[in-house]
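Under this note's numbering, the letters of the sequence shown match residues 170 to 560, in that order.
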Amino acid sequence: MLRFPKDRFGTNSLKWDKYKKEQNIIPLWVADMDCFSPPEVIDALHKRVEHGVFGYTKVPSELVEATIDHVKTHFNWEIKPEWILWFPGIVSGLQVAVRAVESEPLFTFTPIYPPFLSIAKEFGKNYILLPMRQSAVQVGGNELVKWHIDFDEFKRAIPKEGGHLLFCNPHNPVGRAFSSEELKELGRICTEKNVVVTSDEIHNGLILDRTKRHYCIAEHIPELTERTITLMAPSKTYNIPGISCSFAIIPNAELRRKFARVMHGIVPDVNLFGFTAGTAAFKYGEPWRQELLDYLWQNWLLVRETIGAIPQLTLTDLEATYLAWIDARRISDNPTQFFENAGVGLSNGADFGFPGYVRLNFACERELLREGLERIKNSIAPNKLTAKFAP
170 MLRFPKDRFG TNSLKWDKYK KEQNIIPLWV ADMDCFSPPE VIDALHKRVE HGVFGYTKVP
230 SELVEATIDH VKTHFNWEIK PEWILWFPGI VSGLQVAVRA VESEPLFTFT PIYPPFLSIA
290 KEFGKNYILL PMRQSAVQVG GNELVKWHID FDEFKRAIPK EGGHLLFCNP HNPVGRAFSS
350 EELKELGRIC TEKNVVVTSD EIHNGLILDR TKRHYCIAEH IPELTERTIT LMAPSKTYNI
410 PGISCSFAII PNAELRRKFA RVMHGIVPDV NLFGFTAGTA AFKYGEPWRQ ELLDYLWQNW
470 LLVRETIGAI PQLTLTDLEA TYLAWIDARR ISDNPTQFFE NAGVGLSNGA DFGFPGYVRL
530 NFACERELLR EGLERIKNSI APNKLTAKFA P
């Protein structure tokens, strides 16, 4: 059974300390779960600490084997040890990929996780942002929206020399686990148009809708295997983001060499606690993960029932992640501030390229979530609406 600490104040938590001076605000923002990590991970870390010597540490062969087995078991992809490169976090992996792949322009589908948006500015590369399309869907008696890649716009945007797609699947923040058909169409376009793909798949263990599954695009689309950098980590699934351990899977030897060259001397190694936690998570964390998925799904149903019934808000249907994406443009010109005033801290949609939206992290204890949702519901009344525009 999942366990939760009494609170996380006083632990230098980014998520909770944002509001430490205003402890009446419930933090439901950054992608960080409130539950304890898997007990096997905690036990492994205790044993490593008890050893008492924390020297320079090479990549454990046990972790490499566990990673290969994990990817094979969950995603039906047989990868080789030499394809794997280790680094602390996915954001640094994105940065390295943009440096290593010479193709321009960059593309991404918006809204998107904020570090995707900052990369082009940092490197001065031409960056084309491609908004996704929405369609209305009826789910559980609620009218929600679903987001789709606009393939026609993507094709039109690609110049004859090709480019580099920064892809996110499962998608943060719209919660899509893209289907086989969608990935095949994306693969066809990228192959035909000479586009290299960097695929952030960090949420691949968090498919909440059990009718869906995660497809690794480099495995699922053979034509893309040699032109794709796949980024993964145990951090989101097993709630160990503060213990940095991530990796890239790069089958193409030349692309892998370029990636490693960019990392050399700049990107630090994974520390020994990252290796320890990652190994334990992949080897022993599956029973815990199944409990987590059941808990998160019930939390999502609570979000869907509550937010989906508020006419002034438009909720995005969710297949994966623990992040609810909400159109709040009818509520306020600054919905993040509006909801903070109501006692709930949410992520600002402007950071994802979509002002007027908010992202709600429901990976918390259910009673805390219930209280946050009640505050959101109670804050919305006709005389409180201040928006100057509507969708």
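Glycine included, C-beta positions come from ideal geometry on N, C-alpha and C.
Fair warning: this is a prediction, and the values are worked out from it, not measured in the lab.
What does a CB cutoff of less than 6 Å around residue i pick up in its chain, not counting 5 residues either side in sequence?
i    : result
S413 : P257, G258, G443
S561 : Outside the shown range of the chain (170 to 560) lies residue 561, about which nothing can therefore be said.
F285 : T277, L335
N373 : H383
N552 : Below a pLDDT of 50, predicted positions are generally treated as unreliable, and N552, at 48, falls in that range; the measurement from the model is reported next regardless. Contacts found: none.
R302 : H317, D319
V240 : W246, I248
R172 : F205
V431 : V265, R268, A269
A235 : T448, F451, K452
By the three-class DSSP mapping on this structure, what secondary structure does residue i have?
i    : result
C359 : helix
A346 : coil
Y282 : coil
A213 : helix
F336 : strand
I327 : coil
K187 : coil
T483 : strand
G514 : strand
M202 : coil
I288 : helix
I390 : coil
A478 : coil
A489 : strand
P403 : coil
L471 : helix
Y464 : helix
N552 : In this prediction, N552 scores a pLDDT of 48, lower than 50, which makes its location untrustworthy; no coordinate-derived value is stated.
L561 : There is simply no residue 561 to check, as the chain begins at 170 and stops at 560 in what is shown.
Along the chain, where does the beta strand (DSSP E) that runs through residue i open and close?
i    : result
G411 : Note, G411: premise wrong, no beta strand (DSSP E); not H, not E.
E312 : 311 to 317
Q303 : 302 to 308
R535 : Here R535 belongs to no beta strand (DSSP E); instead the alpha helix (DSSP H) covers 535 to 548.
N496 : What sits at residue 496 in the sequence shown is Asp, not Asn. Here the beta strand (DSSP E) through D496 covers 492 to 496.
A528 : In the sequence as displayed, the identity of residue 528 is Arg instead of Ala. Here the beta strand (DSSP E) through R528 covers 526 to 530.
D369 : 364 to 369
Residues in its own chain within less than 7 Å of residue i by CB, not counting five upstream and five downstream?
i    : result
C359 : L334, V366, L393
T397 : V366, S368, I386, A387
A326 : F276, I297, L299
P504 : A497, G525, V527
G331 : S272, K362, N363, V364
L537 : I195
G262 : F256, L400, S415, A417
Apply the 10 Å Cβ neighbour rule to residue i and answer buried if 16 or more other Cβ atoms are within range, or exposed otherwise.
i    : result
G293 : exposed
Q264 : buried
G224 : exposed
M170 : exposed
S304 : exposed
F323 : buried
T483 : buried
I435 : exposed
S349 : exposed
A422 : exposed
The alpha helix (DSSP H) spanning residue i covers which residue range?
i    : result
Y453 : 441 to 453
R396 : No alpha helix (DSSP H) contains R396, which DSSP labels as neither H nor E.
F256 : No alpha helix (DSSP H) holds F256; the beta strand (DSSP E) holding it covers 253 to 256.
V267 : 259 to 269
M170 : From DSSP, M170 is part of no alpha helix (DSSP H); its letter is neither H nor E.
E231 : 230 to 244
E423 : 422 to 432
Whose C-beta lies closer than 8 Å to the C-beta of residue i among residues of the same chain, with five residues either side of it excluded?
i    : result
R217 : L441, F442, T445
So, do the stretch 299 to 319 and the stretch 474 to 489 have three or more beta carbon pairs nearer to each other than 8 Å?
Because the criterion of three Cβ pairs below 8 Å is met, the stretch 299 to 319 and the stretch 474 to 489 touch.
Touch check for the stretch 514 to 527 and the stretch 222 to 230: three-plus C-beta pairs under 8 Å?
no
I'd like to know if the stretch 404 to 411 and the stretch 450 to 459 are in contact, where contact means that at least 3 CB-CB pairs between them fall below 8 Å.
Because the criterion of three Cβ pairs below 8 Å is met, the stretch 404 to 411 and the stretch 450 to 459 touch.
At least 3 beta-carbon pairs within less than 8 Å: the stretch 195 to 207 vs the stretch 174 to 186:
yes
Taking 8 Å as the threshold, find out whether the stretch 527 to 543 comes into contact with the stretch 462 to 482 through three or more Cβ pairs.
The stretch 527 to 543, when compared against the stretch 462 to 482, does touch it at the 8 Å Cβ threshold.
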